[in-house]
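In my numbering, the protein residues as written are 441 to 1230. Worksheet: the structure to be examined is printed underneath.
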């Protein structure tokens, strides 16, 4: 089998003709020099071509001859070139924005029929300009929240960190910012994400059919690319909102050769309230900030370097000495090199760090302090070889070095210091991959690849040997072995095949199918209602094996009325092995023997996703609907029977609409309806001396569902005048955005808890117990935001 796969991967090289020539180059935005990702380059006579990669590069190899070449990008003027091809030729193109086009909202700037004609499936994309027009909480648009309006993407509730994809947990999503992983994507406990939309150029969420160059998580890959900065002229963007303000500055360092962008945000609720709240004048803090930077330099026609970074932090301080905080730092350096007309290379190295800390006690003699972090250093060479117009080969490797600091904790009681820290852990992960996208005929195309990954947990450290116990109970520690520095504690590895195909039924209709297998070696440990900033990341070990995920998907894609309407329906089935679960009462924090409290189970998720989108006209938008189930089966939990996960949602319906009233006013609205998520309630209770003790008689888990969730949001945008009184166009642009979140005051449940009154009751009298629903936002929230650009 392996020999056949190697032969299939090498076959394109054998079939490549030698009497052909290559046309290549970059496609960029004429207004600012930004690379255009996914622009179409079409050779009219052959009805063949290619699309640009994430750096705006394309390469097409065809026989010698006279050709007309069209460069297209939605919302831009099509550029046409004629060429007499008799040698390898470089053609760089800059496309201009189409000024006369109706200011419509589109979901993505990709080619109009790419959803039907490409091999790619199970991918979610939203254009940044579309995100800016969506109604958002407190008027601040957010990338993560916007993704939740697409099929297959959900969350457990308002204020929950992260997102869930096709039944995957939050920790099963790999989030990349310029290729560096972001371990916690939330600001303000999940109300906003760490990604500043002013600095983001492109984003793509892979829900399935994940290419071989990606790995490390089971459920999804969110690939976010930052802007390079305006290489033509100075540009300033920003906004003043209800809860925070932002500004982004971009400009050329050397015109058309080098540029930069700096974008920052800072919330100021604590600053505005400080004169009125005494605690805020005594060291308390409630804020977040982030700073995003990027620069690049093109020092030859074949070489360009990029340096980018992100720095952000959230602070929740009760006073000068107590509270908690968390933050991300990433730094990415990349070098693009064109070896020849067909071989494009990118060399990446990055550093990523996520740190969180907690402190309680205003008395230095009675105090507790805890901090933890995970940092990653990596090198990633990748290559793309454009064999011909029918084959595009991608191959490369990755090497990661992880440092885990689970808990550096110190308790001080009556002046005596007690160190209860958990020792650090170190690990390395490596992978090699190869992937080919091949057009077998006008109707059939296929993408196939193979990835091999390796993981090694290394000392110095303790290796816990655990014994057997009753199912669902903490496993006992039989012995502890000391492992020296650099020695291996546990090794894991595995193959990860990927394949997807597209069959074109006719010009407007295609059928697609895919399969991928993924391995996940590091794990997010959380058994709370929703992921929170204090959750712990831990590596695989001799007791904790890597999670394994497989996904099958098939879909029908059809466009209508000259691509004015897009429709699709996809069916998926996910199967996971060794998925984490927890014993009842698991001790997850400051626990060196954490593995003894973890269980390993099987998971399954299956469902149907329907997507209908209207692209053209003053009224446009989309409808997404997901029908799905997500279940687990773990020995020792729920009597060994399948049970729904906390993030299982049977129905997920989202409607998004945009309407252009005129050149200055536009409206938008979103509606969400979600089935209630599961939770665990007691099935009986004991009464002991007037005190109620809840009891789960059959040890069931997630045995009831919260009430259904639904919400309607609305926003109106008023643009500033586009021309001066003398008729000349204004260079500066601004707008006011009026938003109402939760317009009809729906008190959606986040959780329900039970409590008993404090008064002791008379013997024989039942205690007064109540169930209380927690709602994050129980009323409508109006807001106003002012955005500017000059």
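Beta carbons are placed, not taken as given, at the ideal position from N, Cα and C, and that holds for glycine.
For residue i, does the three-state DSSP call read helix, strand or coil?
i	result
residue 1212	strand
residue 637	helix
residue 474	coil
residue 1177	strand
residue 947	coil
residue 907	coil
residue 975	coil
residue 586	helix
residue 605	strand
residue 1197	coil
residue 1107	strand
residue 630	helix
residue 1096	strand
residue 1183	coil
residue 1101	coil
residue 824	strand
residue 415	It is not possible to answer for residue 415, since the shown part of the chain is limited to 441 through 1230.
residue 1078	helix
residue 538	coil
residue 614	strand
residue 1125	strand
residue 922	strand
For residue i, list the residues DSSP reports as bridge partners.
i	result
residue 779	Note: residue 779 sits in no beta bridge, so no partner.
residue 872	837, 892
residue 816	792, 842
residue 646	563, 661
residue 506	524
residue 859	850
residue 671	DSSP lists no partner for residue 671.
residue 1084	1071
residue 952	942, 995
residue 533	467
residue 1220	According to DSSP, which records beta bridges pairwise, residue 1220 is partnered with nothing at all.
residue 768	752, 794
residue 497	466
residue 786	776, 822
Could you check the C-alpha separation between residue i and residue j for me, to the nearest Å?
i	j	result
residue 684	residue 834	42 Å
residue 548	residue 567	In this prediction, residue 548 has a pLDDT of 45, which is less than 50 and means its spatial position is unreliable; what the coordinates show is noted afterwards. Near 4 Å, if we compare the C-alpha coordinates of residue 567 and residue 548.
residue 731	residue 626	14 Å
residue 939	residue 1016	18 Å
residue 459	residue 526	10 Å
residue 1004	residue 1054	6 Å
residue 636	residue 1227	14 Å
residue 580	residue 588	15 Å
residue 998	residue 1028	48 Å
residue 534	residue 1187	50 Å
residue 1071	residue 826	42 Å
residue 642	residue 662	11 Å
residue 1163	residue 1173	10 Å
residue 687	residue 701	11 Å
residue 582	residue 909	46 Å
residue 670	residue 738	14 Å
residue 594	residue 603	6 Å
residue 1197	residue 1213	16 Å
residue 918	residue 767	38 Å
residue 1083	residue 1178	43 Å
residue 1184	residue 1225	21 Å
residue 664	residue 620	10 Å
residue 932	residue 1032	21 Å
residue 1058	residue 1161	20 Å
Would you grab the beta carbon distance between residue i and residue j for me? Rounded to a whole angstrom, and I think it's under 8 Å.
i	j	result
residue 501	residue 829	6 Å
residue 893	residue 848	30 Å between Cβ atoms; not a contact.
residue 611	residue 963	6 Å
residue 1081	residue 1040	17 Å between Cβ atoms; not a contact.
residue 696	residue 473	6 Å
residue 885	residue 559	5 Å
residue 462	residue 957	Not a contact, Cβ separation roughly 34 Å.
residue 597	residue 1190	4 Å
Are the C-beta atoms of residue i and some chain B residue less than 9 Å apart?
i	result
residue 742	Absent from the structure is chain B; it holds one protein chain and no more.
Ranges of the beta strand (DSSP E) found wholly within the stretch 683-738, counting only runs of at least 3:
684-694, 698-707
Going along the chain, which unbroken runs of the beta strand (DSSP E) with 3 or more residues stay wholly within the stretch 1002-1051?
1005-1022
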